[in-house]
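Using the UniProt record's numbering, read the sequence shown as starting at 1 and increasing by one per residue.
What follows is one structure encoded as structure tokens, with my remarks underneath.
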Amino acid sequence: MPAPSTPGSPRVAIVTGSSSGIGEAVVKQFCQEGLQVLAVDANPQGENVADAAGAVFYHADLTTSAACRGAVEEAIKRFGHVDILINNAGIQHVAPLETFPEAKWRQIIDLMLTAPFLLTQAAWPYMRQSSWGRIVNVASIHASVASPGKAAYVSAKHGLIGLTKTAALEGGELGITANAICPAYVRTPLVESQIADQARLNGMPEQEVIDNVMLKNAAIKRLIEPSEVAALVSYLASDKASAVTGASWNMDLGWTAQ
């Protein structure tokens with residue numbers, strides 16, 4: 001096994017779903033902080049994002065176990081160790097439960113729940129060897145509440161909280177923390193694509209979807225910016241958060257305050 005990270009050496013982070021939105025913001029944040037970053041995405045355009053930020057791009061479809069383990073192996077080959085894992089990759093499909101396609105269900109669960117498990121499992125020995133590790137799972141407010149038409153997404157995000165808590169308990173004595181961030185609607189391409197889907201599902205104009213569906217339960221009536229989520233990721237991945245583990249951080253504009 002490669003040597004663990006040494007004091008003073010740059011920490012190494014793997015960020016999935018890195019080609020846009022939250023993942024892109026996290027890659028930029030980490031690179032600005034001097035971390036070495038492996039940016040992982042199924043979209044080959046993610047290479048441009050990684051290059052612009054100063055990260056290394058790894059093209060992978062994380063719905064396969066080989067790709068998940070390959071991402072960690074690539075980080076080890078490139079940088080020699082892995083300290084931080086940000087499980088962010090996600091997709092969405094909106095359809096009534098009765099007609100929800102099985103293929104979409106399996107794809108979403110594989111990418112958004114099984115992949116974080118496999119990536120965590122693969123990175124764990126390197127974090128344990130260093131007696132230091134940070135796992136941040138980008139969940140959603142839909143890890144706490146549900147919305148119609150999102151059976152697979154809601155199920156994956158609820159499961160991700162359970163994985164986070166289990167990793168926190170097992171990692172506590174090893175110097176490994178695990179936390180989840182649960183944002184409401186963030187201004188990302190994924191959310192923008194949902195507007196049209198929700199408009200069709202609910203039979204309403206797209207602006208009405210934003211006002212009466214996405215922001216209906218929010219005390220603060222706006223979308224969250226990806227950079228805001230990246231700032232919280234940065235804190236949870238730092239030494240300053242060494243006492244924080246097993247937590248689900250609601251970043252929901254007051255959605256769950258009622």
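Glycine is no exception: its CB is placed at the ideal position from the N, C-alpha and C atoms.
Values in this document were obtained by computation on a predicted structure and should not be read as measured data.
Where residue i falls: helix, strand or coil (DSSP)
{"i": "Tyr185", "result": "coil"}
{"i": "residue 260", "result": "Nothing can be reported for residue 260, as the shown portion of the chain is limited to 1 through 258."}
{"i": "Asn250", "result": "strand"}
{"i": "Thr256", "result": "helix"}
{"i": "Ala71", "result": "helix"}
{"i": "Gln36", "result": "strand"}
{"i": "Phe57", "result": "strand"}
Presumed contact (8 Å Cβ cut-off) between residue i and residue j, rounded CB distance
{"i": "Val136", "j": "Ile76", "result": "Actually they do not touch by this definition, with Cβ atoms about 20 Å apart."}
{"i": "Leu35", "j": "Tyr58", "result": "That pair is no contact at about 15 Å."}
{"i": "Asn212", "j": "Gln258", "result": "With 8 Å as the limit, Asn212 and Gln258 do not qualify as a contact, their Cβ atoms being about 16 Å apart."}
{"i": "Ser234", "j": "Gln29", "result": "5 Å"}
{"i": "Ala178", "j": "Leu160", "result": "Actually they are not in contact, since the Cβ atoms of Ala178 and Leu160 sit about 10 Å apart, beyond 8 Å."}
Spatial neighbours of residue i in its chain, beta-carbon cut-off 6 Å, leaving aside the 5 residues before and after
{"i": "Ser65", "result": "Leu118"}
{"i": "Ser248", "result": "Ile161, Ala180 and Cys182"}
CB contact flag (residue i, residue j, <7 Å)
{"i": "Ile84", "j": "Ala146", "result": "no"}
{"i": "Gly21", "j": "Pro226", "result": "yes"}
{"i": "Arg69", "j": "Ala151", "result": "no"}
{"i": "Ser131", "j": "Gly175", "result": "yes"}
{"i": "Leu223", "j": "Arg187", "result": "yes"}
Residue i CB to nearest heavy atom of the ligand NAD below 6 Å
{"i": "Glu228", "result": "Questions concerning the ligand NAD fall outside what the structure shown contains, since it holds no ligand whatsoever."}
Proximal residues to residue i (C-beta, below 7 Å), its chain only, five neighbours per side dropped
{"i": "Ser18", "result": "Glu24, Val27, Ala39, Val40, Asp41, Gly46, Val49 and Ala50"}
{"i": "His142", "result": "Lys150, Tyr153, Val154 and Lys157"}
{"i": "Ala196", "result": "Glu206"}
{"i": "residue 260", "result": "Lying outside 1 to 258, the shown extent of the chain, residue 260 is not represented and no answer is given."}
Contacting residues, own chain, Cβ-Cβ under 8 Å from residue i (five flanking each side not counted)
{"i": "residue 260", "result": "There is simply no residue 260 to check, as the chain begins at 1 and stops at 258 in what is shown."}
| message | List, from N- to C-terminal side, the alpha helix (DSSP H) runs of 4 residues or more that fit wholly inside the region 106-187. | response | Every unbroken stretch of the alpha helix (DSSP H) spanning 4 or more residues and falling wholly within the region 106-187 is given here in chain order: 115-130 and 151-171.
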